[in-house]
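Residues 1 to 952 in the UniProt record's numbering are what the sequence shown spells out, letter by letter.
Below you'll find the structure, written out as structure tokens, and then a few comments.
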Amino acid sequence: MEYNFREIEKKWHQKWVENKTYKVTEDENKKKFYVLNMFPYPSGAGLHVGHPLGYIASDIYARYKRLNGYNVLNPMGYDAYGLPAEQYAIQTGQHPEVTTVANINRYREQLDKIGFSFDWDREVRTCDPKYYHWTQWAFQKMFNSFFCNGCQKAQPIEKLIKRFEEKGSEGLNVAQNEQIDFTAEEWNSYDDVKKQQILMNYRIAYLGETMVNWCPGLGTVLANDEVVNGVSERGGYPVIQKKMQQWCLRTSAYSQRLLDGLETIQWSDSIKETQKNWIGRSEGTEVVFSVKDSDVKFTIFTTRADTMFGVTFMVLAPESEYVQQVTTAEQKEEVEKYLDYVKKRTELDRMANHSVTGVFSGSYAINPFTGEAIPVWISEYVLAGYGTGAIMAVPAHDSRDYAFAKHFNLPIIPLIEGADVSEESFDAKEGIVTNSPVAGKSSMDGFSLNGLTVKEAIAATKKFVTEKGIGRVKVNYRLRDAIFSRQRYWGEPFPVYYKDGMPQMVPEECLPLELPEIETYKPTETGEPPLGRAKKWAWDTEKKEVVDKSLVDNKTVFPLELNTMPGFAGSSAYYLRYMDPHNDEALVSKEADEYWQNVDLYVGGCEHATGHLIYSRFWNKFLFDLGVSCKEEPFQKLVNQGMIQGRSNFVYRINSDDHDKAPVFVSLNLKKDYDVTPIHVDVNIVSNDVLDIEAFKAWRPEYQNAEFILEDGKYICGWAIEKMSKSMFNVVNPDMIVEKYGADTLRLYEMFLGPVEASKPWDTNGIDGCHRFLKKFWGLFYENRTDNFLPCDEAAKPESLKSVHKLIKKVSEDIEKFSYNTSISAFMIAVNELGQQKCRNKELLTDLVILIAPFAPHIAEELWAALGEQGSVCDAAWPKYDEQYLKENDMQLTISFNGKARFQMTFPVDTPNEEIQKQVLADEKSQKYLEGFNVLKVIIVPKKIVNVVLKK
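The structure is reproduced here in structure tokens:
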């Protein structure tokens, strides 16, 4: 019987659905294992062969754990909100939901063909009101919470209000935007609006003025990763920096917990290091500087307060509120011009900038240590969100300060004896500190750093700053609060209405607040977000329902929020919803949460290291504080799959001045004789680098009369490894591979390309090998081209036992290490060995079927049924290897003469060296190499080589 993969795969897809093979329920009698793929966004282009890489890797592991007796949760859903669907809606007028559903259906069709063990009964979509009900609910909980620095967790806002009523703000140790001082009497005298304004300073979800990436062309705020080289990734529209009132989430409050949590999870060192750098913990000192001839004072944060004697200028971030206060009339025009320049620069551009830019404010600040007046500059290399948005510049010991000082010809003062002050050396190394020779005598009588080491100087300075009241010791973090507003239509609505200009929450029992219908998806003519076009978009507090906004009277009917939530809102807690997706009473029930706990294996791209993974960890920690999530860390183990790169093909057009002449293309190995231009060609009309000429002529109208110069009757294409992209015509649709070779072949080949974590090129030329392997595998069970089923009850041969048990050991170890490519290599070796051994033992071949089931589930199911086994192979027991069958009874040695390998001989493993030497020299194959020579010595490398050293 031939291996008819099309019929087999179609048959088992149907059976899996009919039998609900992958449906999962909580089972206290089984150990749980939760496998999850990062939330996919369903694009209109569908999947290419690079997309399933991570899904296949996680599916193999999920199936393997199930075979090992675990109750495995392996869900799938869709991150269904996003800018692409909205932009398409703007261009075509089609509702984003129509586009999104069509894309989801396309994704589902493709995913099903590949044979994943997803429990589709648990599918979630972020655009489903039943789903975003719980995103809105979580937002409201954040709005009604504050973060206590003392206990390092979220607390109900009512607890803070009670404290204000009793003690005011005295001694308050909570996360806040700014220090606000008031007594209990003052608090109790405030009206409701004033109280709400103050509380906004402490809420975890709050409205705040912040700098954003504003894209006028799209009419919305963009995240940093949506901006490339100063323009929007989608559409290429210019992006500027703009201060706007936005909803924000106080992620910064969780900075230390986010750092501490990294020590408890199994992630790669590189991802952990990226997160640590993004969170950016630094211990230092805040010091107050006064502006000369002014009442203005500003605070700087430094990790090296001991370098205060080397400060030669100050720098403010362009967004700092102090810029306008310190800019003199003479410098105003130049400063305004510079600020206009910076508005066009994104934060990422500024962080990566290698050129030096800046402008003098016209003012001077007083160094509190020396009394010296130093110039105050404004530059884009200082960011408003880190520290205080102002720095003291010590160019002798900081590379950016040094570059700035050199560019603007500002002083550079070394502070350490023997310090190398040059472009190559900026680090303040251990040494003896000296006070600034330029500053002369310190204005702080009795304070000197002379003779102290750097560590001693830092400690002494911190102590001095605190005692003199010119600053305080502080731990700072680079992590900023997340901007949570988007001026888009296609996103989760905020469950917020406005009364007296202050946000109020829609009652929890009225959730979800559903996205309204609008006629067009652009911002309004007056600049409001698209929801400003909604006619029925006001909240009636008496009826507790959405009503027409013409009814707004600001007494019982109030306007609703016009912004929507960003993409990461729906993808920050979806792993919890998968645990209990049909629960209408809670995000997740306590029973389901305590059973599944958190994700045991999370698979996805490393590009999410500083976005999604930070937000999800923050979100989960907040829910942990609320008692909703029983685990503080959402993802215990993280595996980042690499990228599958495209293998591009080229044809070579001979250059010609006669544009009316039909194009002529020359084959690869003949092009050296012509002046040619390489042109990308669709890889789907190329096979093993041979062009399908007729398909090429039909590909583009301008090529229908093309002529070809062939080699050996074929047109051979050139090739290169590039990013898989439609513009390079190297996108390979997995549907085509499945149709031609089968899903099992696709699954095997994607894993065979190389380690899961590594990037590797896709090469369709190599897929035949995996397909031939599956045919050989099938051949162990069915005699060629007959229905004769080969497995029987014959006794297992020792060599077959060894082959299978060696394979069990290898595959079991490799799957745990995600070394799937070496597993497949081991399968190929074992199948060749068993074929040569004519293994017919049913028990061994049954083990072989179970072993391959995670990799190639369709062929495994078919053979499992043919073997007479009941149910699905998914519910079999993973085989255990027996060490007794792995023992080597014989050893094969390579026989060399004067270092040249000539032949091999087999000996029992316990053969003494003397006997080996005797048999080698006596063997008839040795005689022709020994003739005419004397044996000088015989070197035996145990279990490897025998080298006979000869001399004339």
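Backbone N, C-alpha and C define an ideal beta-carbon position, used for all residues, glycine too.
Note that the structure is a prediction, hence the values are computed from the model and not measured.
{"Item": "Distance, Cα to Cα, Asn188 vs Thr541?", "Value": "26 angstroms"}
{"Item": "Exposed or buried, which one is Ile351 when buried takes at least 16 other CB atoms within 10 Å?", "Value": "The amino acid at residue 351 is misidentified as Ile; the sequence shows Met. Under this definition Met351 is an exposed residue."}
{"Item": "To the nearest angstrom, report how far apart His95 and Ala743 are at their CA atoms.", "Value": "34 angstroms"}
{"Item": "DSSP beta-bridge partners for Arg486?", "Value": "Thr564"}
{"Item": "For Ala390, write down the residues that DSSP places opposite it in a beta bridge.", "Value": "Leu316"}
{"Item": "Strictly by DSSP, which residues pair up with Leu207?", "Value": "Trp247"}
{"Item": "Is it true that the CB of Leu601 sits closer than 7 angstroms to the CB of Lys631?", "Value": "no"}
{"Item": "Using the C-alpha atoms, what's the distance from Ser926 back to Val920?", "Value": "7 angstroms"}
{"Item": "Beta carbon of Pro42, beta carbon of Tyr78: below 7 angstroms?", "Value": "yes"}
{"Item": "Taking DSSP as the reference, what is the three-state secondary structure of Gly261?", "Value": "helix"}
{"Item": "Relative to the C-alpha of Lys141, which residue among Gln246, Phe313, Val496 and Phe464 is closest?", "Value": "Val496"}
{"Item": "Residues in its own chain within less than 6 angstroms of Gly503 by CB, not counting five upstream and five downstream?", "Value": "Inspection of the sequence shows that residue 503 is occupied by Pro rather than by Gly. Same-chain partners within the cutoff: Val496."}
{"Item": "Any idea what DSSP makes of Val326, helix, strand or coil?", "Value": "helix"}
{"Item": "What is the DSSP secondary structure of Arg108, counted as helix, strand or coil?", "Value": "helix"}
{"Item": "Helix or strand or just coil, what does DSSP make of Ser282?", "Value": "strand"}
{"Item": "Determine the burial state of Asn730: buried for a count of at least 16 other Cβ atoms within 10 Å of its Cβ, exposed for fewer.", "Value": "buried"}
{"Item": "Would a C-beta distance cut-off of 7 angstroms place Lys714 and Gln704 closer than the cut-off?", "Value": "no"}
{"Item": "Helix, strand or coil for Ile679, going by three-state DSSP, please let me know.", "Value": "strand"}
{"Item": "Classify Thr328 as buried or exposed, calling it buried when 16 or more other Cβ atoms lie within 10 Å of its own Cβ.", "Value": "exposed"}
{"Item": "Tell me which residues share the same chain as Phe708 and place their Cβ nearer than 7 angstroms to its Cβ, disregarding the 5 neighbours each side in the sequence.", "Value": "Phe665, Ile693 and Tyr715"}
{"Item": "Measuring straight from C-alpha to C-alpha, what distance separates Ala853 and Lys810?", "Value": "15 angstroms"}
{"Item": "With a cut-off of 8 angstroms on the beta carbons, I'd call Met724 and Gln641 a contact; round off their distance for me.", "Value": "Actually they are not in contact, since the Cβ atoms of Met724 and Gln641 sit about 14 angstroms apart, beyond 8 angstroms."}
{"Item": "May I have the straight-line CA-CA distance separating Ala706 from Met643, to the nearest angstrom?", "Value": "36 angstroms"}
{"Item": "With a threshold of 16 other CB atoms inside 10 Å of the CB of Cys215, please say whether the residue is buried or exposed.", "Value": "buried"}
{"Item": "Starting from the C-beta of Thr786, find all residues in its chain whose C-beta is less than 8 angstroms away, skip the five residues before and the five after it, and write them out in chain order.", "Value": "Met1"}
{"Item": "From Val291 to Val639, what does the alpha carbon distance come to, in whole angstroms?", "Value": "52 angstroms"}
{"Item": "What does a CB cutoff of less than 7 angstroms around Phe68 pick up in its chain, not counting 5 residues either side in sequence?", "Value": "Rather than Phe, the amino acid found at residue 68 in this sequence is Asn. Excluding positions up to five away in sequence, the list reads Trp878."}
{"Item": "Only counting the same chain, and skipping five residues up and downstream in sequence, which positions put a Cβ closer than 7 angstroms to that of Phe789?", "Value": "Phe781, Tyr782 and Ala866"}
{"Item": "Mind reading off the beta-carbon distance from Val342 to Tyr322? Whole number of angstroms is fine, and I expect it under 8 angstroms.", "Value": "Actually they do not touch by this definition, with Cβ atoms about 15 angstroms apart."}
{"Item": "Do Phe289 and Phe301 have their CB atoms nearer than 7 angstroms?", "Value": "no"}
{"Item": "So, for Val849: in the same chain, excluding its five sequence neighbours on each side, which residues have a beta-carbon less than 6 angstroms away from its beta-carbon?", "Value": "Ala860, Leu863 and Trp864"}
{"Item": "Taking only three categories from DSSP, how would you classify Asn213?", "Value": "strand"}
{"Item": "State the start and end residues of the unbroken beta strand (DSSP E) segment that holds Lys937.", "Value": "Asn934 to Val941"}
{"Item": "State yes or no: is the C-beta of Phe907 within less than 7 angstroms of the C-beta of Ile916?", "Value": "yes"}
{"Item": "Assign Asn277 to one of three DSSP states: helix, strand, or coil.", "Value": "helix"}
{"Item": "Am I right that Val732 and Tyr820 are in contact with their C-beta atoms under 8 angstroms? What's the rounded C-beta distance?", "Value": "Between Tyr820 and Val732 the Cβ distance is about 20 angstroms, and since that is not below 8 angstroms, they are no contact."}
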